[in-house]
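Visitor: Before I ask anything, let me first share the structure, which is written out below as structure tokens.
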Amino acid sequence: VLKIKIYIFLYIFLLFTNNKPTLYFYFMFILFGQVISIFGSSLTSFSLGVWAYQNAGSVAAYSAIFFAAAAGTVLASPFAGALVDRWEKKKVLVLSSICSALISVAIAVFYYLDSLDVWIIIICAGLNGIAMSFSKPAITASIKMLIHPNDLGRANGMTAAGFGFVALISPVIAAYLLIKIELLGVLLIDIFTFVIGLFILGFLYLPKRQLAPEESILKGIKLAWEYLKEKDALIWINGFYFFLNLRYRLN
3 VLKIKIYIFL
13 YIFLLFTNNK
23 PTLYFYFMFI
33 LFGQVISIFG
43 SSLTSFSLGV
53 WAYQNAGSVA
63 AYSAIFFAAA
73 AGTVLASPFA
83 GALVDRWEKK
93 KVLVLSSICS
103 ALISVAIAVF
113 YYLDSLDVWI
123 IIICAGLNGI
133 AMSFSKPAIT
143 ASIKMLIHPN
153 DLGRANGMTA
163 AGFGFVALIS
173 PVIAAYLLIK
183 IELLGVLLID
193 IFTFVIGLFI
203 LGFLYLPKRQ
213 LAPEESILKG
223 IKLAWEYLKE
233 KDALIWINGF
243 YFFLNLRYRL
253 N
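Numbering (the numbering used here), first residue to last: 3 to 253.
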């Protein structure tokens with residue numbers, strides 16, 4: 003019943019704006035859901051780092067959390083990209099969001115039971131990094147499936163702007179919330195944002211694309227690496243962003 007009401011609302015909105023329900027329209031809602039979800043994750047990530055520093059009294063503990071998240075993403079990304087090519091993108095986004103939500107729930111339970119420790123946060127950060135390594139290529143692939151090639155530049159710009167805006171404001175908001183509602187409140191907000199993201203993904207249409215050929219995952223990774231070797235500029239760009247993000251995480 004709720005889905006029907008939402009579709010009626012969207013139909014009325016499109017009717018009065020003289021627009022047709024295009025794939026670009028669906029892309030906007032998927033992007034909105036993912037930005038909301040990543041906003042909650044960013045709040046939790048920053049808050050956990052501050053909590054670890056306050057309780058352990060060590061900058062190393064603070065840095066270890068962000069390093070674990072980055073390491074999980076870097077180590078899993080080659081395999082995640084190859085697997086995402088073979089799986090339905092919508093299912094990948096849903097499953098990665100569920101995994102991240104369960105990780106936040108686990109941290110919230112440990113905190114509520116007064117059993118949360120730095121090593122638990124480090125493990126959870128690494129697992130969440132692995133989940134994020136699946137969601138990011140799925141989002142990128144979804145853009146190409148929903149957007150006309152002539153609009154890809156604008157769509158990629160909107161995606162980068164949305165995620166960049168979240169990265170800019172989330173530390174400030176997280177610091178304020180950490181003072182007002184403490185870590186448990188931030189975790190509950192994170193879980194709520196995951197619910198919003200999953201809800202949006204649940205009823206939006208995402209076209210299916212023919213799966214990748216039945217080749218081994220390692221062969222797919224090898225082909226991707228050979229393609230990168232032919233594009234020197236891509237290697238330099240990836241290396242630049244790798245060290246830039248690593249420096250940002252460690253600082």
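Even for Gly, the Cβ is constructed at its ideal location relative to N, Cα and C.
#1: Can you have a look at A133 and say buried or exposed, based on whether 16 or more other CB atoms are within 10 angstroms of its CB?
#2: With a threshold of 8 angstroms, are at least 3 pairs of Cβ atoms found where one atom belongs to the region 88 to 100 and the other to the region 195 to 206?
#3: Quick one: which unbroken alpha helix (DSSP H) runs of 4-plus residues sit fully inside the region 46 to 125? Chain order, please.
#4: Give me the Cβ distance between A71 and S47, rounded to the nearest whole Å; I'm assuming they're in contact under 8 angstroms.
#5: For the alpha helix (DSSP H) that N158 lies in, which residues bound it at each end?
#6: According to DSSP, simplified to helix, strand and coil, what is K138?
#7: If you draw a straight line from the C-alpha of A2 to the C-alpha of V168, how long is it?
#8: Pick out whichever of S137, A54, I32 has its Cα sitting closest to the Cα of L85.
#9: When the distance is taken between beta carbons, is I191 closer than 8 angstroms to L45?
#10: Does the region 115 to 128 come close enough to the region 56 to 70 that 3 or more CB-CB pairs lie under 8 angstroms?
#11: Excluding the five sequence neighbours on either side, which residues of its own chain have a C-beta within less than 8 angstroms of the C-beta of V120, listed in chain order?
#12: Per DSSP, what kind of secondary structure is L16 in: helix, strand or coil?
#13: Using 8 angstroms for Cβ pairs, my map puts I141 next to L154. What's the rounded Cβ distance?
Guide: Reading from the atomic positions:
#1: Translated into positions along the sequence shown, residue 133 becomes position 131. Its Cβ being crowded by 16 or more others within 10 Å, A133 is buried.
#2: yes
#3: 61 to 88, 91 to 114
#4: The residue labelled residue 71 in the question sits at position 69 within the sequence shown. The residue labelled residue 47 in the question sits at position 45 within the sequence shown. Correct: roughly 7 angstroms between the Cβ atoms.
#5: Indexing the sequence shown from 1 puts residue 158 at position 156. Counting along the chain, the alpha helix (DSSP H) containing N158 begins and ends at 154 to 182.
#6: The residue labelled residue 138 in the question sits at position 136 within the sequence shown. Three-state result, K138: helix.
#7: Past the edges of the chain, shown from 3 to 253, lies residue 2, and the structure says nothing about it.
#8: On the sequence shown, position 83 is the one that residue 85 refers to. Ranking S137, A54, I32 by Cα distance to L85 puts S137 first.
#9: Mapped onto the sequence shown, residue 45 falls at position 43. Mapped onto the sequence shown, residue 191 falls at position 189. In this structure, I191 lies closer than 8 angstroms to L45 by Cβ.
#10: yes
#11: Here residue 120 refers to the residue found at position 118 when the sequence shown is read from its first residue. Excluding residues within five positions, the ones whose Cβ falls inside 8 angstroms are A54, N57, A58, A63, A66, I67.
#12: The residue you call residue 16 lines up with position 14 of the sequence shown. With a pLDDT of 47 at L16, under the threshold of 50, the predicted position of this residue should be treated as unreliable, and no value is reported.
#13: As a first step, residue 141 must be located in the sequence shown, where it is residue number 139. As a first step, residue 154 must be located in the sequence shown, where it is residue number 152. Not confirmed; about 13 angstroms, so no contact.
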